[in-house]
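> Let me begin by handing over the structure; questions about it come next.
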Amino acid sequence: MEKLATAQFPIHELLQRRWSPLAFSSQPIEPEKLASLLEAARWAASSFNEQPWSFIVATQDDREAFDRLLGCLAEGNQVWAKQAPVLMISVAKLKFEKNGVENRHAFHDVGAAEANLAIQATALGLFIHQMAGFDVPKARELYGIPEGYDPVAAIALGYPGDAETLSDQYRDREFSPRQRKPLNSFVFTEKWGQALPLSE
321 MEKLATAQFP IHELLQRRWS PLAFSSQPIE PEKLASLLEA ARWAASSFNE
371 QPWSFIVATQ DDREAFDRLL GCLAEGNQVW AKQAPVLMIS VAKLKFEKNG
421 VENRHAFHDV GAAEANLAIQ ATALGLFIHQ MAGFDVPKAR ELYGIPEGYD
471 PVAAIALGYP GDAETLSDQY RDREFSPRQR KPLNSFVFTE KWGQALPLSE
């Protein structure tokens, strides 16, 4: 299933094809493809090249480890994410290595790494679904995440599955059209709220 973005202006086809499905196939992800996704994340831009990201990864090859990470997700996310062959939690390091000063861009940079991962996944016929709905204190405790690091997002990763296997609630979400705010609602010039003129 594809849900191509209806772009206001031309964008790369990988960006058009990237979306966040709920239906995943249980088909395992080849280890070299998983490595490729993490390599893409590794090469994201970051403030002062701090690279403040870490990833906790669990695959269905190790059911105990997978269920452990699955148990960190909100119940509503567990319903569909349990089909994905790979689950992850991204983590941000909150202070700069060189001087211990707060890195206010850490979450931004982890997001950039996840965006790289998402685009690389799309290029390989895979998809990711990033989730805010997970238990941060539980993840911190289960994985021994140290002070100075914050869990950022949970991620389901896999090949697209059959949307018809989803419950009615999730099937409706799967087939609903993709929407984005128009550019003139968030791209400004001269003062806040004054839209930047863009040629059609």
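Note that my numbering has the sequence shown beginning at 321, numbered continuously upward.
Positions of the beta carbon are idealized from the N, C-alpha and C atoms, including for glycine.
Is the beta carbon of E299 less than 8 Å from the beta carbon of L486?
As displayed, the chain neither begins before 321 nor continues past 520, which places residue 299 out of reach and without an answer.
> Please determine if the region 440-454 and the region 329-341 are in contact, where contact requires at least 3 C-beta pairs separated by less than 8 Å.
Short answer: they touch.
> At 3 residues or longer, what runs of the beta strand (DSSP E) sit wholly inside the region 440-515?
For the region 440-515, whole beta strand (DSSP E) runs of length 3 or above, ordered along the chain, are 447-451, 469-478 and 511-515.
> With a floor of 3 residues, list each beta strand (DSSP E) that falls wholly inside the region 401-439, ordered by position along the chain.
The qualifying runs are 406-413.
> Classify T492 as buried or exposed, calling it buried when 16 or more other Cβ atoms lie within 10 Å of its own Cβ.
Note on identity: in this sequence residue 492 is Asp, with Thr being the wrong assignment. So D492 ends up on the exposed side.
> Looking at T442: is its Cβ nearer than 8 Å to the Cβ of V406?
No, the pair does not count as a contact, with Cβ atoms beyond the cut-off.
> So K415 packs on V421, CB below 8 Å; how close in whole Å?
The Cβ separation is near 6 Å, so the contact holds.
> Express the C-alpha separation of P457 and Q308 in angstroms, rounding to a whole number.
Residue 308 is absent from the structure shown; the chain starts at 321 and stops at 520.
> Straight-line CA distance for F427 to V472?
Their Cα atoms are separated by approximately 7 Å.
> Could you check which residue in F375, R388 and D381 has the C-alpha nearest to that of E350?
It is D381 whose Cα lies nearest to the Cα of E350.
> Would you give the residue range spanned by the alpha helix (DSSP H) that S356 belongs to?
Residues P351 to R362.
> To the nearest angstrom, how far is the alpha carbon of Q499 from that of A355?
Rounded to the nearest angstrom, the two C-alpha atoms are 31 Å apart.
> Quick check: what's the CA-CA separation for Y490 versus L324?
So the alpha carbons of these two residues sit roughly 19 Å apart.
> Report the start-end ranges of each beta strand (DSSP E) in the region 367-407 that is 3 residues or longer and not cut off at the edges.
Complete beta strand (DSSP E) runs here, min 3: 373-379.
> Would you check if the region 428-441 and the region 359-369 touch, i.e. whether three or more CB-CB distances between them fall below 8 Å?
Result yes; three or more Cβ-Cβ pairs closer than 8 Å.
> Do L296 and L477 have their C-beta atoms within less than 8 Å of each other?
In this structure the chain extends from 321 to 520, so residue 296 is not present and cannot be described.
> Could you give the distance in angstroms between the alpha-carbon of E384 and the alpha-carbon of G396?
Between E384 and G396, the C-alpha separation is close to 20 Å.
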